[in-house]
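Asks: In my numbering, the protein residues as written are 55 to 260.
Backbone N, C-alpha and C fix where the C-beta goes; we use that ideal spot for every residue, glycine too.
Mind having a look at this structure? Questions to follow.
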Ligand SMILES: NC(=O)c1ccc[n+]([C@@H]2O[C@H](COP(=O)([O-])OP(=O)(O)OC[C@H]3O[C@@H](n4cnc5c(N)ncnc54)[C@H](O)[C@@H]3O)[C@@H](O)[C@H]2O)c1
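See the structure below:
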């Protein structure tokens, strides 16, 4: 198995890469190294991966990487991932989350991919109602520019599966936290505010 990981220098993607390498999986990483990407996260495995600093919206370069590396599994983490930034300016969210996913799906469709794991988010469901639960068939109701574009990428993946038979698996994780997370995200913000005796931000009714 040869895995191509997008966003592999990000918070979750880098943990995925470290674990894939530890499990002896041949791993190729594509990452644009935006403000949220950091090659340091991959330092312990850097000699064991093929790393490409690349933008997933660059179709020619993505095609080149596919031809050269011939991966058979794609795990697609790359995204603009911070909700608050998407409210300030949605442009990069539309480019990376929607267009970038389309590029990967198009290139994968013309390759010998056995599995395309498309990482979405639970935010595609929007706000929790009084049941306090989401199910796989809960209607999508995204409520920020970030989640709207993630929902679009999620739906595109499912459409490519239905239309072209591309073997896409969609994953909708909820909030993650841990080592190497960028400080702007909810749990680090809450911890840092608490440590500094500052008010902790509360969204909605908390
Ligand atoms: N963190 C969470 O709690 C959470 C929850 C649900 C879903 N997700 C999803 O999981 C994925 C990873 O989340 P994260 O928190 O690790 O994000 P992150 O922001 O830490 O990492 C994203 C990575 O993608 C790279 N990237 C951004 N634009 C790119 C582009 N155009 N081309 C190539 N690389 C690009 C960045 O450089 C960065 O390394 C995202 O798709 C996110 O939507 C995250």
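So, with DSSP's three-state summary, where would you put residue 217?
Replies: helix
Asks: Do residue 71 and residue 103 count as a contact pair if the criterion is CB distance below 8 Å?
Replies: Residue 71 is positioned such that its CB atom lies closer than 8 Å to that of residue 103.
Asks: Taking a contact to mean a Cβ-Cβ separation below 8 Å, would you say residue 131 touches residue 211 in this structure?
Replies: no
Asks: Is it right to say residue 218 is buried, meaning 16 or more other beta carbons lie within 10 angstroms of its own, or is it exposed?
Replies: exposed
Asks: Provide the residue span of the beta strand (DSSP E) that contains residue 58, from first to last.
Replies: 56-60
Asks: With the cut-off set at 8 Å, would you say residue 213 and residue 172 are in Cβ contact?
Replies: no
Asks: Let me know the secondary structure DSSP gives residue 81 once reduced to three states.
Replies: strand
Asks: Report, in whole angstroms, the separation of the C-beta atoms of residue 117 and residue 59, which I expect to be a contact under 8 Å.
Replies: So it is not a contact: roughly 17 Å between Cβ atoms.
Asks: What residues are listed by DSSP as bridge partners for residue 224?
Replies: 172
Asks: Could you tell me whether the stretch 185-202 touches the stretch 153-167, where touching means 3 or more Cβ pairs closer than 8 Å?
Replies: Judged by Cβ distances under 8 Å, the stretch 185-202 makes no contact with the stretch 153-167, as fewer than three pairs qualify.
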